[in-house]
Amino acid sequence: MRVFFFITLFVLSAGAFAQRPADSLYLNPIALRQFGYQTGNLAGLASFKDSSTAAIEVGYGLTRGSFRKAQQPFMDQQARLGIEGINTFKRFRTWGRIKLTRNYQDSLAWSAKGTEDVEQPYYYGSIKPGPFQRTAYSLSGMLLYALVPGKLNIGSGIDYDFKTSTRSVDPRPEVNAFSLKLRPQVTYQHASHTWYAGGIWGYGDEQNILTFKSIQYRLSPAFPDRINYLIQGYGLIAIRQGNQEFHRRVRVYGGEAGYVYAGNRLEIMSSVRYEKRGETNMIRLERSTATADIGRFNTARLDVQGLFTYHNDKSTQQLELTASNTAASDFNVTKGGTNYYYDQTSAAAAYTLRFDKGATSFKPDFGISLAYSTTAHEDIISAHQVSFTRFEPGIRAGFLNRFSSGDQVRVDAGGRFSWSSDNRLSVPASQETVFSRGVIYPDFAYNTSEFAALDFNLSLVTARLVPGLRTGLAWSGTYLTKWKQLKHVAGAMTNPGSDRFFSNISINLYF
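Heads up: the sequence shown runs through residues -18 to -1, 1 to 493, numbered per mature numbering (1 follows the signal peptide of the UniProt record, and there is no 0).
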């Protein structure tokens, strides 16, 4: 709590010294992408041109619709509070972000995870859908100290997360999870060039206590939707009926490096990060306080990013390139060998053009994007193999208008289309399970469906609501509609529906 208090106080104090209101960042898509990089490492933080900026957000989000995966709820409501800012004091510069979220999810089945990561193979699940309540506290920060001003900086980043999750129908998980990650870094600057390098170290812990309120559901196999399964891959499952306790221990390490160039017209921000994550999954033995290892899961992830921004007297152009690969495998202790493999590769490019000619109050911008991903799951014991590839081009347009009163309005609209190719599903009839029919078949139908998306955003910033502060009101929404379902798998318990809608509203204070 002391760390939360210190970061909060330091972030809020940025407002008292802010050189430019944060709304100029959040209403400019090009500046916002740069800000995302600048708050990700010491070289970026050192290149931030103002000494201070801060923003507070109170928001509400709603996701609703039947075009979803099997392990997603029909409706998800989220209340959130966020605080973010940069402050500079003599040789010190800090960035901090605190985010508190509360989720209410209905009709979630087949997953009792505390953290909703796709690749994790060890967890509890059941057919019975039920409402979940999730709470998440997230703290991210970065501290920079100019050891040799203008030349050498040292510092570290920190990421801390604490999450709770409960469900109100049998079987009832109660999950508590936390993670801590430290990222010490050093930067060297020469003229307009800055290089940085650093290490990554972290650990985490998750405990899931699963209980049955009804003795009938706990002891009788007559209710198949109340049976609790221990999933151990992408097809391998085992019944774990009765009150259970699951424990996950996580260790993380890796490294990162990057380069920043800040010229008069051209700015380059690039980074590469490699991170390894090792998990040990344990269950409590029956009639004992001891635990036993059931499986280990190791993940290696590589991320590469490049952001190129060019300014002239009439316009600003920006090109963002990203790529990542995640490769993972397990060691199933109870089976004595590797059972599950996961591999996911993605790449994306986005180009934005913004017209900035003169002191005009109307500034339009346009963008195009293309995203690619390929994903593969393999479960050896159950002989389940799934792979699919997706492409998603997009286009968007927006504008920012400044009125003579000082108020600002930003409007955005865009569209995307996603399709799949090179799809494969292999499940021998003799190896088909309730998990195959309940999760794998519906998710394969979802992941290989073609869909269209429409994106909207409307933001208003004014100084007339709260005296002395710039206040923002924002609404954003996305509508997904299934264009064509390429695969209809016989035996699937559910089928992805026709559409899904995402909506967010927020009140923001800019300092």
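Idealized CB from N, CA, C, for every residue including glycine.
In chain order, what residues of the same chain lie with their CB nearer than 6 Å to the CB of residue i, ignoring the 5 residues before and after it?
i    : result
T291 : E249, Q300
S418 : V409
A128 : R73, N135
T148 : Q115, E156
R46  : M57, F483
T298 : I12, R336, D338
G236 : I182, Y256, E257, K258
T21  : W77
S402 : F370, R372, T430
Q367 : E360, S408
Which of the three DSSP states is assigned to residue i in this structure?
i    : result
A272 : coil
I109 : coil
L218 : coil
A13  : helix
Q60  : strand
N486 : strand
F290 : strand
A25  : helix
S480 : coil
D207 : helix
V40  : strand
F194 : coil
G473 : coil
F313 : strand
Y421 : Note that residue 421 is Val in the sequence shown, not Tyr. DSSP places V421 in helix when its eight states are reduced to three.
Q171 : strand
N429 : helix
G18  : helix
L90  : strand
R73  : coil
R259 : strand
S34  : coil
S150 : coil
R230 : strand
R200 : helix
S328 : strand
L491 : strand
L7   : helix
N280 : strand
Would residue i be called buried (16 or more neighbouring beta carbons within 10 Å of its own) or exposed?
i    : result
P155 : buried
I265 : buried
R247 : exposed
P111 : buried
K345 : buried
K72  : exposed
A474 : buried
A310 : buried
R406 : exposed
R372 : buried
N321 : buried
E66  : buried
V130 : exposed
K163 : buried
N85  : buried
E261 : buried
S387 : exposed
I377 : exposed
K145 : buried
N294 : exposed
D425 : buried
Among the residues of its own chain, which have a CB less than 7 Å from the CB of residue i, if the five just before and after it don't count?
i    : result
S196 : D152
Y105 : S93, A94, K95, I213
G277 : Y104, Q214, N263, D312, F313, N314, V315
Leaving out five residues on either side along the sequence, give the residues of the same chain with a beta carbon under 8 Å from the beta carbon of residue i.
i    : result
K464 : F49, S431, E432, F433, P478, G479, S480, D481
Y211 : Y106, G107, S108, I219, A220, I221, R222, V416, F417
D275 : T262, N263, M264, V315
So is the beta-carbon of residue i under 7 Å away from any non-hydrogen atom of the ligand SAM?
i   : result
R46 : Ligands are entirely absent from the displayed structure, and the ligand SAM is therefore not among its contents.
Does the CB of residue i have a neighbour CB from chain D at under 8 Å?
i    : result
S364 : In the structure shown, chain D does not exist; there is a single protein chain.
Taking contact to mean at least 3 C-beta pairs separated by less than 8 Å, is the segment 55 to 66 in contact with the segment 416 to 434? The segment 55 to 66 is not in contact with the segment 416 to 434.
Are there three or more Cβ pairs, one per stretch, closer than 8 Å when the segment 198 to 207 is compared with the segment 162 to 177? Not touching, per the Cβ criterion.
Beta strand (DSSP E) segments (min. 3 residues) lying fully within the segment 372 to 417: You should have 390 to 408.
Meets three-Cβ-pair contact criterion under 8 Å: the segment 13 to 31 and the segment 453 to 465: At 8 Å Cβ cutoff, the stretches do not touch.
Beta strand (DSSP E) runs contained entirely in the segment 93 to 147, provided each spans 3 or more residues: With a minimum length of 3 residues, the continuous beta strand (DSSP E) runs that stay inside the segment 93 to 147 are 104 to 107, 112 to 130.
Measuring CB atoms only, is the segment 358 to 367 touching the segment 204 to 220, in the sense that at least three cross pairs come out at less than 8 Å? The segment 358 to 367 is in contact with the segment 204 to 220.
With a cut-off of 8 Å, do at least 3 Cβ pairs link the segment 443 to 450 to the segment 387 to 399? Taking 8 Å as the limit for Cβ pairs, the verdict is that the segment 387 to 399 does touch the segment 443 to 450.
Across the segment 172 to 184 and the segment 236 to 246, are there enough close Cβ pairs to call them in contact, namely three or more that are closer than 8 Å? In short, these stretches touch, since the Cβ pair count reaches three.
Whole beta strand (DSSP E) runs in the segment 438 to 466 with 3 or more residues, listed along the chain? Here the runs fully enclosed are 452 to 466.
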